[in-house]
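In this note's numbering, the protein residues as written are 365 to 593.
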């Protein structure tokens with residue numbers, strides 16, 4: 365298969381890049397709910413879409429509304445989602461009628477375990493970006509680096525996360541796809557993730573979401589048309 369995001373071409377897609385209906389009851393329930401909610405919009409355009417896993421779904425509502433409600437943002441995050449799960453959902457998301465001005469993507473942390481080759485995870489993320497571009501060519505895409513995992517830089521998942529981020533940064537072309545790594549701002553000077561920012565050393569607290577949203581604001585203002593700001 366052709367390479368994505370500057371990754372080498374491959375004979376076949378890794379599992380991370382193959383659309384999959386995940387065998388998780390809560391994931392299936394929310395996927396069905398979101399499909400119904402989008403269908404009920406009856407073609408109304410979305411200003412922004414947020415796609416991802418529990419880190420997106422769990423974006424504190426007060427913080428999300430403060431930064432994004434006036435921009436017509438829709439949160440399509442699902443806890444437990446993976447690149448392959450998101451690919452399955454994208455095939456059923458009416459991007460052609462939603463016509464989002466900006467799509468924010470944060471996906472892949474659940475692909476890190478059991479330990480995966482970072483190239484496979486990055487390939488899956490690249491396939492997500494490719495599908496969005498094909499299905500909604502007029503949308504801009506803001507790809508976010510995976511959030512820091514584990515208490516410190518020595519944690520194996522942190523090292524995997526950083527390798528994936530290095531690879532997916534290549535997805536950005538500065539025209540329709542852009543990359544940001546706001547999660548780096550959650551770390552202290554020693555590269556440690558404070559418990560008050562992410563108690564489980566992954567999912568941000570409301571303070572962490574405030575930091576993320578504030579860090580993204582200049583980029584989002586730049587990428588959205590003036591009328592959408």
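By construction, the Cβ of each residue, glycine as well, lies at the ideal position given by its N, Cα and C atoms.
Residue state for residue 573 is assigned as helix, using DSSP reduced to three classes.
Among the bridge pairs identified by DSSP, residue 475 is matched with none. Cβ atoms of residue 412 and residue 443 stay farther apart than 8 Å, at about 20 Å.
Straight-line measurement puts the Cα of residue 456 at about 8 Å from the Cα of residue 399.
Here DSSP, grouped into helix, strand and coil, assigns residue 414 to strand. For residue 415 and residue 573, the gap between their C-alpha atoms comes out near 16 Å.
Excluding sequence positions up to five before and after residue 562, its CB lies within less than 6 Å of the CB of 568, 572, all in the same chain and listed in chain order. Excluding the 5 residues flanking it on each side, residue 581 has same chain C-beta neighbours closer than 7 Å at 431, in chain order. DSSP, read as helix, strand or coil, puts residue 443 in coil.
Judged by DSSP in its simplified three-state form, residue 504 adopts strand. DSSP places residue 376 in no beta strand (DSSP E); its state is neither H nor E.
Counting the other Cβ atoms within 10 Å of the Cβ of residue 426 gives fewer than 16, which makes it exposed. Within the region 536-565, the runs of beta strand (DSSP E) at least 3 residues long that lie entirely inside it are, in chain order, 541-544.
Assignment of residue 404 by DSSP, reduced to helix, strand and coil, places it in the helix class.
Counting only the Cα atoms, residue 547 lies some 14 Å from residue 472. Annotation: the continuous beta strand (DSSP E) that includes residue 468 extends over 466-470. Around the Cβ of residue 396, a 10 Å sphere holds fewer than 16 other Cβ atoms; the residue is exposed.
Residue pairing for residue 493: DSSP places it in no beta bridge.
Counted as a single uninterrupted DSSP element, the alpha helix (DSSP H) harbouring residue 527 occupies residues 520-532.
With distances taken between CA atoms, residue 387 lies nearest to 446 out of 438, 514, 589, 446. For the pair residue 371 and residue 558, the Cα-to-Cα distance works out to about 33 Å. Per DSSP, residue 371 lies in no alpha helix (DSSP H) and is assigned neither H nor E.
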